[in-house]
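This report refers to the structure that appears directly beneath it.
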Amino acid sequence: MSTQTWDEPSTTYSTEWLRSALRRCDLLERTYAVSSDARWMIDFALQWAPFGGATDADVLVRFGVTRHRFMDLVLAGLAPKEADPPKIRAMKNQLCISLAQAWNVQ
1 MSTQTWDEPS
11 TTYSTEWLRS
21 ALRRCDLLER
31 TYAVSSDARW
41 MIDFALQWAP
51 FGGATDADVL
61 VRFGVTRHRF
71 MDLVLAGLAP
81 KEADPPKIRA
91 MKNQLCISLA
101 QAWNVQ
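Counting in the working numbering, the sequence shown runs from 1 upward without gaps.
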């Protein structure tokens, strides 16, 4: 059983982590904290996180942008907004940190 709290960035990307992150995205979308357009990109990024991110070719074929541009768009979609409650802001920040680490964003 994991002792990680919801606001701690993960350094392992297990099935449990992925399910938890996808549930957080469900909440973010239901509360309109993340747009449905951003959500499908975030889901793709989360699903590839355990593998260090998708390849340049996979991202280009799926989204028509470079891997670097894709991650810019994902992180922008998760960027906290002033109107977001503190817990939502923390959740978005944690997802940004985890995805940036997993995809090795510089």
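Every residue gets a Cβ at the ideal spot worked out from N, C-alpha and C, and that includes glycine.
Everything numeric in this text was worked out from a predicted model, so none of it was measured.
Asked: In this structure, how does DSSP classify LYS81 when only helix, strand and coil are distinguished?; Found: coil
Asked: Kindly indicate which residue of SER20, ARG67, ARG19, LEU28 has the alpha-carbon position closest to the one of LYS81.; Found: LEU28
Asked: Give me the Cα-Cα distance between GLN94 and PHE63, rounded to the nearest whole angstrom.; Found: 24 Å
Asked: Whole angstroms are fine: how far does the CA of TRP40 sit from the CA of ILE97?; Found: 18 Å
Asked: Measure from the alpha carbon of ILE42 to the alpha carbon of each residue in GLY77, VAL59, SER20, GLU16, then state which is nearest.; Found: GLY77
Asked: Given TRP48, which residues of its chain have a CB within under 7 Å of its CB, disregarding the five upstream and five downstream residues?; Found: ALA54
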